[in-house]
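So for the sequence shown, my numbering puts the first residue at 1; every next one is plus one.
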Amino acid sequence: MDLLALADFNLVARHGGFGKAARATGRPKATLSRRVGELESSLDLRLFERGARSLKLTEEGRALFERTGALLAELDETASAIASGGQRLKGRLRISAPLLFSQTAMGRIAAGFALKYPEVRLEVTTEDRPVDMIEEGYDLVIRVNPDPDESLVGRAFLRDRLVVVASPDLPRASGGLAAPGVARWAGDRQTWHVKTQGGRSTIAIEPVLALSMLVMVRDAVRAGVGAARLPISLVAHDLADGTLVLWGDIDGPEIALWALYPSRRLLSARVSAFLNFLKQAFPNGTPDELAAYIGR
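Printed below as a string of structure tokens:
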């Protein structure tokens, strides 16, 4: 495929017409039209629907534009970075991050990154759902314990663990009785398996409150309504101050936050810079480092 013709096709698609693309770039309109025509002939596809006063992408043209636009932009930015000695980063960086991490740390991290790289347009969307990075146009996603995906690569940059905490005034259940609990979903009586210095044990919990956000769960536990399972980073200050007490560590796998990007793409300079910024923010990847971002 002729990369110059592909670049001209993207130029016309981005500006919405041959004339607009020519005026915006100073390229001859006839040259743009000829190169797009040559690309259509080589692919044996019609990429634009040409009307008397309008130009619209065909379904095939839209698919080609969506798939190749980001790749061409990355190539152009890589060449610019090499030409400038790799010192200046610019362009858009779109990131999807989970809710709790966004609430507790992402604001300060994004601000620090923006101050360091003022020509990068950083956009962060907060969501816990799985996203299709290619179709939705994300450069990087941050996810908690993601399922294996051959189309994505990345690294775990932060680790946390779940603990059971409660107000010091809340009696711990014993003798088969259940303690009141704050859960993330409504349900019947639950049994939480924990590890303590004395070994493994179980805690019977009767959910009295269901809250969907972990920050709300923490606030409810602070108010003394019941015990809850929470990341230790979220309650580290409370445990240090004695406003909450530890009932034990949840017996299960640790929490790992991963930064992921598509394996089919070259690692862009912007993504690489953000990964390095995360490494600087969390050099050891410990819960204490995340807790430092969280207010009391």
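From the three backbone atoms N, C-alpha and C, an ideal C-beta is built for every residue, glycine too.
Other residues of its chain near residue i: CB distance less than 8 Å, five sequence neighbours each side excluded
| i | result |
| --- | --- |
| L32 | D8, L11, V12, F18, A21 and A22 |
| L244 | V165, A166, S167, P168, V221, R222, V235 and D238 |
| A73 | G91 |
| R46 | E40, T58, E60 and G61 |
| F282 | F157, L158, E289 and L290 |
| R155 | W258, A259 and L275 |
| E150 | S263 |
| V131 | S96, Y138 and V141 |
| G16 | L55 |
| G285 | A156, F157, L158 and R159 |
| T202 | T191, W192, H193 and V194 |
| A300 | Because the chain is modelled from 1 through 296, residue 300 falls outside the range shown and cannot be assessed. |
| E123 | R92, L93, R94 and I95 |
Same chain, Cβ closer than 7 Å to residue i, neighbours up to 5 away in sequence not counted
| i | result |
| --- | --- |
| E119 | R88, L89 and K90 |
| K29 | F18, G19 and A22 |
| I134 | P262 |
| S174 | none |
Continuous beta strand (DSSP E) stretch holding residue i: start and end
| i | result |
| --- | --- |
| A210 | G199 to A210 |
| L122 | V120 to T126 |
| E49 | F48 to R50 |
| I255 | I255 to P262 |
Local conformation of residue i per DSSP, three classes
| i | result |
| --- | --- |
| A73 | helix |
| F9 | helix |
| T243 | coil |
| K195 | strand |
| A97 | strand |
| D249 | strand |
| L230 | strand |
| L39 | helix |
| A236 | helix |
| L55 | strand |
| A178 | coil |
| R92 | strand |
| A63 | helix |
Rounded Cβ spacing between residue i and residue j (contact assumed at less than 8 Å)
| i | j | result |
| --- | --- | --- |
| G176 | A204 | 7 Å |
| G226 | V182 | 5 Å |
| L278 | F157 | 5 Å |
| A259 | I109 | That pair is no contact at about 11 Å. |
| A5 | E38 | 5 Å |
| L93 | F274 | 6 Å |
| S212 | R184 | 6 Å |
| L246 | L230 | That belief does not hold up - the Cβ atoms of L246 and L230 are roughly 11 Å apart, past 8 Å. |
| L170 | G224 | 6 Å |
| I294 | T104 | 5 Å |
| R200 | D251 | 6 Å |
Contact set for residue i: own chain, Cβ-Cβ below 6 Å, skip 5 residues either direction
| i | result |
| --- | --- |
| Q190 | I205 |
| V271 | D139, L140 and Y261 |
| P233 | With the sequence shown as reference, residue 233 is identified as Ser, and Pro is not the correct amino acid for it. Once the five neighbours on either side are set aside, the close Cβ partners of S233 are D160, P287, L290 and A291. |
| Y117 | L89 |
Where the alpha helix (DSSP H) containing residue i begins and where it ends
| i | result |
| --- | --- |
| F277 | A269 to A281 |
| E289 | P287 to A291 |
| V221 | L214 to R222 |
| K159 | Checking the sequence, you will find Arg at residue 159 rather than Lys. Careful: R159 lies outside any alpha helix (DSSP H), inside the beta strand (DSSP E) at L152 to D160. |
| G26 | No alpha helix (DSSP H) contains G26, which DSSP labels as neither H nor E. |
| L115 | G107 to K116 |
| I142 | It is not in any alpha helix (DSSP H) - I142 instead sits in the beta strand (DSSP E) that spans L140 to V144. |
| I294 | Run containing I294: none; DSSP gives neither H nor E here. |
Cβ-heavy atom distance, residue i to the ligand HEM, below 7 Å
| i | result |
| --- | --- |
| P28 | In the structure on display, the ligand HEM does not appear, and there are no ligands present to speak of. |
Beta carbon proximity, residue i to chain D, threshold 8 Å
| i | result |
| --- | --- |
| F157 | As a matter of chain content, chain D is missing from the structure shown, which is built from one protein chain. |
- Message: So, does the stretch 93-104 touch the stretch 65-72, judging by three or more C-beta pairs under 8 Å?
- Response: no
- Message: Across the stretch 152-162 and the stretch 255-263, are there enough close Cβ pairs to call them in contact, namely three or more that are closer than 8 Å?
- Response: yes
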